[in-house]
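Below is one structure, written out as C-alpha cells; the observations come after it.
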Amino acid sequence: MAYISLYRKYRSQSFSELLGQEHITRVLRNSISAGRIAHAYLFCGPRGCGKTSTARLLARSLNCMAFDRPTPDPCGSCPSCIRIRDGNAMDVVEMDAASETGIDDVREKIIENARYAPAESRYKVYIIDEVHDLSQKAFDSLLKTIEEPPPHVVFVLATTEAHKVPITIRSRCQRLDFRRGATGDLTANLRRVLDAEGRPYEAEALFLLSRAAEGSFRDSLSLLEQVMAFTDGPITPDAVHQAIGAVTTEMLDTVVEAIGSDDLRAVLDAGDRVLASGADARQVLTALQNHLRDMLVVAFAGSVHGLEGATEERLETLRRQALRFTSDQLVAMLGALAQAERDIRFTNQHRLVLERALWQIMPSAISRQAAEAPAAAQSRRAVTAPTGGVAASHAPRISAPSPTVEPKSVPAPVEQAQPEPSSAAADSAPFATEVDLAVLQRIWPRVRSRVLQRSRAAAAIFGSEEVTRLDGTTVTVAFPTEFARSRADRPQARQMVESLLCEELRLPGYTVRYVVAQASPTVQEVPDQDQPGPAGSALLQQVLVEFPAAVVDDQDAQ
Ligand SMILES: [Zn+2]
C-alpha cells in the first residue's frame, strides 16, 4: 500500500476540526446556511495553514448527497463526500498553478470544462492552488469565466502571495485571510495525530516541533514524519533535535547563561558549539530571539502567550534565566538580533554576523549603547520636529547636529517650492524651505517606500540604509553591506531614487552618494586600548581578528 503522508491522512474532515481558522469557518458556514454562496473565493495565507483542506470541505458542503441542498455539516460518508475526500470527484477539479501555469492548462481544465453541467453533483468546484503563478494570458482567460460564471460553478483560488493576483481577479472574489497556526493549535493537532497513531510522546517534543514549523500545520506534520522515520520509540525532545537538527534547548540555555554572566569567551564558545552541531547561523538567530521573547513574556508579562504546550519545568527555567536581565535589556537584545537577522540576508559571512550579534547583546555592550542613547534620542526628536511647513519656516528650528552642512550650501527658499493649497498632494508632501540633514532623514522613509512600490527587487536592497550626511546637494546614504550598496548604485536605480528624492523635496538637483555604513559603535571601540571592553583587551584583539569585515567597512567609509 502506498504511503500516505500524515498531512493527507489527517486532513480536517469537518469545519470544526480546522484549528486556528475559526474566523474563516464561521463566514463559510454562515453563508452556506444562508444560501449565499460566492462564485469565487480567494483564500490567502501562509503555506500549510489549511487553505486546500478548507476548499475541499467547501466542495463537500456544496455537494453532500445526504442533504438536498448545500450544508455546513457534510456527512462525510455519502458517495460524494467520499469521492471528494479521495480526490476522485469528477466535479471537483484541483489544479496546481505552480506546475500548470499556461493558458492551455486553464483552457483545457477549466474554461472548456466549466461550460458543462456537473456530472454527478450540484456544483462544479475548481480549486486552483498557488494561483498567483498563472501567466498573464491564463489570468485573462480565467477572468472571462469568473466575470460571468455559469450558475453551477464555484472557484476557490488559493495563494500565499495575494498581491501577485491581478486586481481584476481579486475584485471579483470573496477574500478570506487564513492565519498562521498558533503554537498551541499546532501542538494540539500533533497530539491528535499521535494519539490516533498510538505513538507515545513527550509534551516538550511536540512544543519543539510546533515552534520549528513556524505556524504551518503541514510543516509540523512533515517534521513529525522525519522524527518518526528516525526512531521507532517515543517522540522525545532528544529525538526531535537529532532528527531535524534544530537548535536544542540546552544549547540556547548555554548561550543565554553565558550572556547573562557577561563572559565574552563563554558566549563565543557557546555560539561555536551551536554552529558545530550543524545548525546554521540564521536558525540560531531565530531560535535565540524566540528564547529571549519567551523569557520576556514569562518573567515580565506574567503570561504564557505563545508558550501553550511548554512544560512547567521549561517555564521555570525561562523565569530563572530572565532574572539576570532587565526587561529593557531583553528588548534591546531582541532589537539587535532582529537587526542581525536582516543583515544576514545581505552577506554570506553568516558566522560573522552571528558572532557580532552575540557580542552586541552582552549586558556590557547593551549598557554602553544605552549610555549613548540620549544623544541618539536627541537627534530622533529633531528629526520628528516640525521642520517643514509655512508656520515652521518662521519658527525657531530644531535641527539634528549636522556639522558637514556648510551654511552657504543651504539652498534659499525657491518660488516653486510653495505648496499648492488646492493640490491633493499638498498635505502629504513635506514642504522643504531649508534642506538639512534632519529634513532629509525625515523624508527618506517616504522616498524608500516609493522606491519599493516601483520595484519589487528593491526590497532586497532597501530597508536598513540611512541618510548620514549632506554636502551641498549631495546626499550620502549608508547601506549595511557592500552588496546592497553596489546593487543600489546601478545607474538606472540611482536615477529613480534621485528623481523621487527631488520630488519629495520639491527641489531640483539633489543627487545621492552611496557608501557602506561605518561599523557599529561597539566595534569602533575595539582598537581603543585605554577603554577595554568587558573581557580585557587581549581577548578583544582576538575578536577583532574574528570581525575583519567590520574593520574593512570602517576603512571603506572613511
Ligand atoms: Zn456527504
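Using the working numbering, the first residue of the sequence shown is number 8, and each one after it goes up by one. We put the beta carbon where it would ideally sit given N, CA and C, even for glycine. Quick caveat, the model's predicted, so the values are computed rather than measured.
Under 8 Å, do residue i and residue j count as touching if we go by C-beta distance?
{"i": "V570", "j": "A250", "result": "Since the first residue of the chain shown is 8 and the last is 565, residue 570 is not available in this structure."}
{"i": "P487", "j": "S471", "result": "yes"}
{"i": "L35", "j": "S60", "result": "no"}
{"i": "V100", "j": "L149", "result": "no"}
{"i": "T166", "j": "E137", "result": "yes"}
{"i": "G278", "j": "E204", "result": "no"}
{"i": "D103", "j": "S128", "result": "no"}
{"i": "V454", "j": "V504", "result": "yes"}
{"i": "V458", "j": "L514", "result": "no"}
{"i": "L273", "j": "V247", "result": "A small fix is needed here, since residue 273 is Ala in this sequence, not Leu. No; because the gap between Cβ atoms is not below 8 Å, this pair is not in contact."}
{"i": "T480", "j": "G516", "result": "yes"}
{"i": "V281", "j": "V262", "result": "yes"}
{"i": "G222", "j": "G188", "result": "yes"}
{"i": "L228", "j": "Y14", "result": "yes"}
{"i": "V200", "j": "Y17", "result": "yes"}
{"i": "A485", "j": "A524", "result": "yes"}
{"i": "A124", "j": "H170", "result": "no"}
{"i": "E315", "j": "T194", "result": "yes"}
{"i": "D276", "j": "T324", "result": "no"}
Skipping 5 residues on each side, what residues in its chain have a beta carbon closer than 8 Å to that of residue i?
{"i": "L337", "result": "L299, M302, L303, F307, A329"}
{"i": "N297", "result": "R218"}
{"i": "E348", "result": "R289, L292, T293, Q296"}
{"i": "E209", "result": "P241, I242, T243, P244"}
{"i": "G267", "result": "Q328, R331, F332, P370"}
Just tell me which of the options has its CA closest to the CA of residue i.
{"i": "I134", "options": "L65, F353, R18", "result": "L65"}
{"i": "T518", "options": "R358, D478, K144, Q28", "result": "D478"}
{"i": "I373", "options": "Q460, T354, A347, D335", "result": "D335"}
{"i": "E319", "options": "V305, L197, V247", "result": "V305"}
{"i": "L183", "options": "T190, F353, E168", "result": "E168"}
{"i": "R198", "options": "A464, L231, N120", "result": "L231"}
{"i": "L447", "options": "L512, E211, L507", "result": "L512"}
{"i": "R375", "options": "M340, A195, R352", "result": "M340"}
{"i": "F22", "options": "R33, R449, I118", "result": "R33"}
{"i": "F224", "options": "R186, H170, E115", "result": "R186"}
{"i": "E264", "options": "T238, V311, R326, A283", "result": "R326"}
{"i": "E473", "options": "T483, R63, P157, A467", "result": "T483"}
{"i": "C180", "options": "G516, L164, D202, E257", "result": "L164"}
{"i": "E119", "options": "R92, D350, T152, S106", "result": "T152"}
{"i": "S12", "options": "A524, D226, Q367, W366", "result": "D226"}
{"i": "M258", "options": "F237, A236, S284", "result": "S284"}
{"i": "D270", "options": "E323, R177, W366, L322", "result": "W366"}
{"i": "G55", "options": "S19, G42, R461", "result": "S19"}
{"i": "S462", "options": "A500, D496, G42", "result": "A500"}
{"i": "R321", "options": "S40, G309, T256", "result": "T256"}
By Cβ distance below 7 Å, which residues in the same chain neighbour residue i in space, the five residues on each side in sequence not counted?
{"i": "C71", "result": "T78, P81, C82, C85, S87, C88"}
{"i": "V161", "result": "I44, H46, L69, Y130, V132"}
{"i": "R90", "result": "A96"}
{"i": "A364", "result": "L292, A343, L344, A347"}
{"i": "K116", "result": "V100, M102"}
{"i": "P53", "result": "T167, R187, G222, S223"}
{"i": "R63", "result": "I91"}
{"i": "K58", "result": "F50, G52, A165, F185"}
{"i": "I368", "result": "I266, M340, A343, L344"}
{"i": "P173", "result": "F146"}
Tell me which residues share the same chain as residue i and place their Cβ nearer than 6 Å to its Cβ, disregarding the 5 neighbours each side in the sequence.
{"i": "A317", "result": "F214"}
{"i": "N95", "result": "none"}
{"i": "T108", "result": "D140, L141, S142"}
{"i": "D287", "result": "none"}
{"i": "A491", "result": "F353, I468"}
{"i": "P207", "result": "P241"}
{"i": "P156", "result": "H46"}
{"i": "I110", "result": "K144, A145, S148"}
{"i": "I351", "result": "R289, H357, V360"}
{"i": "S566", "result": "The chain is shown only over 8 to 565; residue 566 falls outside these bounds and no answer can be derived."}
Using 8 Å as the limit for Cβ to Cβ distance, is residue i near chain B?
{"i": "D301", "result": "Annotation note: the requested chain B is absent from the structure, which comprises a single protein chain."}
Worksheet entry | Neighbourhood of ligand 1 [Cβ distance below 7 Å to any heavy atom], ordered by chain position | R67, C71, M72, A73, P81, C82, G83, S84, C85, S87, C88
Discussion item. Is it the case that the segment 26-39 contacts the segment 139-148, given that we only count it when at least three CB pairs across the two stretches are under 8 Å?
Written reply: no
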